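S.K.: Please read through the structure below; I'll follow up with questions.
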Amino acid sequence: MNKELLEKAKVKIGSIPVLVNMVSKRVRQLNAGMRPYLKPLSSNEDRVDLALREIADGKLIAEIDFSNPVKK
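Per this note's numbering, the sequence shown starts with residue 971, numbered consecutively.
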């Protein structure tokens, strides 16, 4: 995992748990054959790095609905 990409993605997504969930979901999508939103830098670019680049470049965003809070 590229630490520079991680820092750039953390700037875009303020919450670390949300960022982890976004990267995890996107890597699963890429592994399932979904096309990347950005051209890979090489044929063997790590999918985590690709997901982080997509987030850092603003190609992926998180939409959080605060209108329906979870009851405990």
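Yeah, the Cβ is synthetic: ideal placement off N, Cα and C, and Gly gets one too.
The structure displayed is predicted, hence computed values, not measured ones.
Check whether the segment 1003-1018 touches the segment 981-990, counting contact only when three or more Cβ pairs, one atom from each stretch, lie closer than 8 angstroms.
M.R.: no
S.K.: Can you tell me whether DSSP reads Met971 as helix, strand or coil?
M.R.: DSSP places Met971 in the coil class of the three-state scheme, outside both helix and strand.
S.K.: Using the C-alpha atoms, what's the distance from Pro1006 back to Leu1000?
M.R.: 7 angstroms
S.K.: So, helix, strand or coil for Ala1021, using DSSP?
M.R.: helix
S.K.: I need the DSSP call for Lys1029, collapsed to helix, strand or coil.
M.R.: Coil.
S.K.: Could you give the distance in angstroms between the alpha-carbon of Ala1002 and the alpha-carbon of Gly1028?
M.R.: If you take the alpha carbons of Ala1002 and Gly1028, they lie about 22 angstroms apart.
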